[in-house]
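> Got a structure for you, questions after.
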Amino acid sequence: MCGIWTCRTTGPGASLTVAKGARWRKTRMHDTRSGVHVNPVATLCLAAVVALSACADEPDPLPDEARLPGAAVAALQVHLTAMSDGDLTCSDAAIEAAPRAVGYINDDRLPDYAISTQDLQCRSELGSAIGYFCGGSICAFPALMSDGADYQVVWLMSGNEVTTRSDYREERFVVRQAVFNGSAGSGVAVREYVWRDGALRRVFEREELERRMP
């Protein structure tokens, strides 16, 4: 649907030429009841304008989730080295292999990521590498936010699962965490994060009841 549309006529009631890319089609509308030729320019041009307005702000297709930009890998490597005082060893291949959520979270039209650290295979000389990311039943999900040619690492989100979703054209990270409410049973806490005023912020939280089998 998206493309370059051009509308033109050769005179009142004359043929209409509509272009999308390099394809042209001539049309002529005729009202058989009145014998009057109907100029379709206004209708089709208006439709083209509406189509273009819908396409103008569409983000680029998301990249292959199996490929993480080198700048994002490098930023996370630097951060992991600093946070562990050099104890953690995470290969580039291990970082690239870890599951992640991807979306256009900030406003620079470059992809942003959140790493599922519970599946990040690293090594530690002092103990368990997973202990740097997870405690109890939850794990931290570092966000890799695009910043021009570089990426910055933001530690804010934690839970059991991280995904992305769109809310009125605003992309969000969505974190889910299992919670136990005693006699009330189990549920899932859902937290949503957006990029506003130059920072990743939590903007929404709700709790969903766990579905019980009949």
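Here the sequence shown is numbered in the UniProt record's numbering, starting from 1 and rising by one per residue.
The beta-carbon is built from N, C-alpha and C at its ideal position, and this holds for glycine as well.
Quick caveat: nothing in here was measured; it's all calculated off a predicted structure.
(1) Leaving out the 5 sequence neighbours to the left and right, which residues in its chain are closer than 6 Å to residue 80 when beta-carbon positions are compared?
(2) Which whole-angstrom value is the C-beta distance of residue 194 and residue 201, which I expect to be below 8 Å?
(3) Does the Cβ-Cβ distance between residue 188 and residue 199 come in under 7 Å?
(4) Compare the beta carbon distance of residue 106 and residue 157 with 7 Å and say whether it is the shorter of the two.
(5) Which ranges does the beta strand (DSSP E) cover as unbroken runs of at least 3 residues, wholly within the region 81 to 110, from first to last along the chain?
(6) For residue 148, does the count of other Cβ atoms within 10 angstroms reach 16, so buried, or fall short, so exposed?
(7) Closest to residue 133 by C-alpha separation, out of 125, 126 and 120, would be which residue?
(8) Residues in its own chain within less than 6 Å of residue 209 by CB, not counting five upstream and five downstream?
(9) Out of 83, 140 and 169, state which residue places its alpha-carbon closest to the alpha-carbon of residue 162.
(10) Report the rounded CA-to-CA distance for residue 165 versus residue 205, giving the unit in angstroms.
(11) Consult DSSP for residue 151 and reduce its assignment to one of helix, strand or coil.
(12) Between which residues of its own chain and residue 71 is the CB-CB distance below 7 Å, once the five residues before and five after are set aside?
(13) Using the Cβ count rule (16 or more neighbours within 10 Å means buried), how would you classify residue 93?
Taking the coordinates as given:
(1) 88 and 90
(2) With 8 Å as the limit, residue 194 and residue 201 qualify as a contact, their Cβ atoms being about 6 Å apart.
(3) For the pair residue 188 and residue 199, the CB atoms are not nearer than the 7 Å cut-off.
(4) no
(5) 100 to 103
(6) exposed
(7) Among 125, 126 and 120, the Cα nearest to that of residue 133 is on 120.
(8) 187
(9) 140
(10) Inter-residue distance for residue 165 and residue 205 is about 14 Å (C-alpha atoms, whole angstroms).
(11) Strand.
(12) 149, 150 and 151
(13) exposed
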